[in-house]
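*Asks:* Can you read through this structure? Questions will come right after.
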Amino acid sequence: LPEDLAPSTGSLAIRAGCPYCLLVDKYGVNNTYSSNSSEVSFKCLSHGLFSYNVELDARHFLFNCQLFNLVLDLFYEDRPYNWIEICGSDYAGFWQEQFLWRFLSKPAIIVYTPLISDWSGSKVSKSLYLQKNAYDYLIKAKQEYLLNFDVLEREGKDLTVLWKEIELWVDEPYRLFRGYSLHYLHLLFGRQKILLGAIHTQSCEPETE
6 LPEDLAPSTG SLAIRAGCPY CLLVDKYGVN NTYSSNSSEV SFKCLSHGLF SYNVELDARH
66 FLFNCQLFNL VLDLFYEDRP YNWIEICGSD YAGFWQEQFL WRFLSKPAII VYTPLISDWS
126 GSKVSKSLYL QKNAYDYLIK AKQEYLLNFD VLEREGKDLT VLWKEIELWV DEPYRLFRGY
186 SLHYLHLLFG RQKILLGAIH TQSCEPETE
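Converting from the sequence shown to my numbering requires adding 5 to each position, the first position being numbered 1.
If you want it as structure tokens, here you go:
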């Protein structure tokens, strides 16, 4: 399994924060496992070894995306019903399905939602937690409501604007298989008509040279 999940390290990316400083070994390269696999020992570079029991301390364990999806799918594989996993489109691509098919006979159906990006094309949610002042320019432009739900409520923004856009995904699927920028959402809230390009415009006229 480690060779399939992480061929470069050959280790499972099982993580747990140090009980003193909360730092983690991101790739789990220093992890060791008890003979009956009931306990995992982790190594903090500052505070040394610490261990957690997989049953008693399950809340402390973290996995990388690939391992998390595999664990989740294994849990639901034998359930008498089907289920759908919804992921952001930054994880889109056949690699995830291809990986799950190696180990599962009944993997989940995966639906990828559109990604919301900033002006540079970066994923908004990731930029927010990596750098809290990443979008100060939006606050100065009085667009903080795009980042903060409390501000959105305080300014009385109508969330049905977003819901109406989502409803279009059924009749106009190209709206689902694309990304959305903060600027696009700002125009939606401003009730401005947005043209998505002539490529999507259905013409009733026959083509002529």
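Heads up, the beta-carbon is just placed ideally off N, CA and C, and yes, glycines get one too. Just so we're clear, the structure is a prediction, and the values are computed from it rather than from any experiment.
Taking all protein chains shown into account, do 16 or more other C-beta atoms lie within 10 angstroms of the C-beta of Tyr134, making it buried, or fewer, making it exposed?
*Replies:* That one is exposed.
*Asks:* Below 8 Å CB to CB, which residues in the same chain sit around Glu8 once its five sequence neighbours on both sides are set aside?
*Replies:* Excluding residues within five positions, the ones whose Cβ falls inside 8 Å are Gly15.
*Asks:* Assuming Leu120 and Gln71 are in contact, meaning their beta carbons sit under 8 Å apart, how far apart are those beta carbons, in whole angstroms?
*Replies:* Their Cβ separation, rounded to whole angstroms, is 19 Å, which puts Leu120 and Gln71 out of contact at 8 Å.
*Asks:* If we ignore side chains and look at the alpha-carbon of each, how far apart do Phe55 and Tyr179 end up?
*Replies:* Rounded to the nearest angstrom, the two C-alpha atoms are 50 Å apart.
*Asks:* Which of helix, strand or coil does DSSP assign to Asn215?
*Replies:* Summary: the structure shown does not reach residue 215, with the chain confined to residues 6 through 214, and so no result is reported for it.
*Asks:* My assumption, with CB atoms under 8 Å, is that Ser132 sits in contact with Asp123. Please give the rounded CB distance.
*Replies:* Right, the Cβ-Cβ distance comes to about 6 Å (below 8 Å), so this counts as a contact.
*Asks:* Between the Cα of Phe47 and those of Leu61, Val156, Ala63, Ile19, spot the shortest distance and give me the residue it belongs to.
*Replies:* Minimum Cα distance to Phe47 is reached at Ile19.
*Asks:* Please classify Leu6: is it buried, with 16 or more other beta-carbons within 10 angstroms of its beta-carbon, or exposed?
*Replies:* Exposed, because fewer than 16 other Cβ atoms sit within 10 Å of the Cβ of Leu6.
*Asks:* Are the CB atoms of Tyr117 and Ala97 nearer to each other than 7 Å?
*Replies:* Contact: yes.
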